[in-house]
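Reviewing the structure listed below.
This is the structure we're talking about:
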């Protein structure tokens with residue numbers, strides 16, 4: 046892998062920019078502290094308060110545990126106990142003590158007893174980061190998560206994660222999803238670093254080969270999200286529910302940005318491990334970023350990135366989501382580090398200017414999670430401000446190398462403020 050020098054004027058070389066990122070990170074963390082519940086972490090409202098009926102969720106508990114673990118590894122006081130709390134919740138009330146694996150809510154009080162790959166990928170990520178942070182019980186949680194992935198979710202024949210099961214691990218869903226496999230790729234990068242086992246990098250490459258190098262590359266580098274059990278695309282999936290928060294209809298440009306960054310992390314991780322590394326990883330990352338920018342930025346005349354597009358690249362759900370822009374910024378900085386190409390610097394600045402102007406809430410804290418097509422705060426898809434993970438990673442990544450993965454890089458002292 047050839048890393049190109051950054052332009053001397055790059056924001057990634059600017060101490061003031063890194064100071065701004067660090068301050069924003071601490072502001073995000075301070076807001077998220079209020080999410081603690083007895084059984085894990087819950088979803089905060091717009092003002093950073095837990096609603097009266099708030100309940101813990103596995104997704105948010107795993108993401109918060111991962112995020113607080115990185116804060117602790119950075120040397121920020123006040124987060125070790127929260128990491129330990131997250132590990133205890135994932136090891137206790139959120140776990141299915143009868144059949145193994147994790148429910149979406151404690152003891153499945155929401156009525157959902159299924160086991161989803163998406164959630165299990167985040168449990169594995171949280172456990173790996175908690176191990177880096179030295180949290181009690183983290184290693185046992187990690188071993189448990191790896192066992193469940195190996196035994197049930199990973200499909201060696203297809204080279205992907207299966208989507209979901211019933212509580213007793215029967216009835217595998219006849220659906221294959223790019224989203225769950227994307228987060229599995231992220232988790233596998235972290236597992237490779239924490240365990241030293243390179244099979245996770247091989248698995249990540251197999252996922253990327255199928256989802257991106259085969260399907261997305263054949264679709265103008267726009268990610269196809271939904272497939273049947275034989276990996277035949279389902280272009281009409283959820284057309285009657287286009288704004289679904291996890292399986293929306295059509296194309297989700299934010300995932301194009303997220304995949305682009307993950308491809309560069311995978312390239313760097315495989316090279317670092319001395320493994321064969323295809324040249325197309327960086328080529329595909331560039332293609333994903335270019336397509337998402339071309340078709341989704343200001344596509345309806347207003348600045349920002351729309352949530353979804355149809356198959357003719359027309360906007361479907363025009364709301365702007367905070368995670369999309371966090372991932373766009375993260376992808377731009379990764380490509381800038383990898384290539385040194387000036388247009389990535391331009392995009393990196395453009396996206397942060399947009400976030401500062403529209404998403405960052407200086408009155409009530411954190412970021413607005415959703416904006417209307419007119420770039421005003423809204424809540425048609427996501428209410429409140431429950432998610433620390435995307436924005437927190439976006440402010441951390443500019444000070445981290447492409448490999449190892451985030452928590453391991455921080456734990457190894459690789460957090461730097463100039464390149």
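Numbering (my numbering), first residue to last: 46 to 464. We put the CB at the ideal spot given by N, CA and C, even for glycine.
Query                                                                                                                                                                 : Result
Contact defined as beta carbons within less than 8 Å: I believe residue 87 pairs with residue 134. What is the distance between those atoms, to the nearest angstrom? : Not a contact, Cβ separation roughly 11 Å.
With DSSP collapsed to three states, give me the class of residue 121.                                                                                                : coil
Checking 8 Å against the spacing of the C-beta atoms, do residue 452 and residue 177 come in under that value?                                                        : yes
Can you tell me which residues form a DSSP beta bridge with residue 205?                                                                                              : 200
Which whole-angstrom value describes the C-beta separation of residue 433 and residue 140, a residue pair presumed to lie in contact below a C-beta threshold of 8 Å? : Contact flag wrong, Cβ pair sits at about 22 Å.
So, with DSSP's three-state summary, where would you put residue 360?                                                                                                 : strand
Given this structure, state the Cα-to-Cα distance separating residue 250 from residue 256, to the nearest angstrom.                                                   : 10 Å
Please report the straight-line C-alpha distance between residue 350 and residue 148, rounded to a whole angstrom.                                                    : 32 Å
State the start and end residues of the unbroken alpha helix (DSSP H) segment that holds residue 327.                                                                 : 325 to 341
Suppose the cutoff is 8 Å on Cβ atoms and the five residues either side in sequence are ignored; what does the same chain contact list for residue 105 look like?     : 80, 85, 86, 87, 88, 431, 432
Would you check if the distance between the CB atom of residue 56 and the CB atom of residue 62 is smaller than 8 Å?                                                  : yes
Look up residue 412 in the DSSP assignment and say whether it is helix, strand or coil.                                                                               : strand
Where do the ends of the alpha helix (DSSP H) carrying residue 173 lie?                                                                                               : 162 to 178
Round the Cβ separation of residue 101 and residue 151 to the nearest angstrom and send it over; I've been treating them as touching at under 8 Å.                    : 6 Å
Taking C-alpha atoms, which residue in 92, 324, 440, 354 lies nearest to residue 284?                                                                                 : 354
Would you tell me roughly how many angstroms separate the C-alpha atoms of residue 289 and residue 419, rounded to the nearest one?                                   : 20 Å
Comparing C-alpha positions only, which one of 357, 341, 381 sits nearest to residue 366?                                                                             : 341
In terms of DSSP beta bridges, what is residue 278 paired with?                                                                                                       : 272
By the three-class DSSP mapping on this structure, what secondary structure does residue 52 have?                                                                     : coil
Could I get the ranges of all uninterrupted beta strand (DSSP E) runs contained in the region 82 to 126, with 3 residues as the minimum, in chain order?              : none
Which residue wins for smallest C-alpha separation from residue 263, given the options 378, 405, 333, 343?                                                            : 333
Nearest-angstrom Cα distance between residue 326 and residue 302?                                                                                                     : 14 Å
If you draw a straight line from the alpha carbon of residue 428 to that of residue 76, how long is it in whole angstroms?                                            : 16 Å
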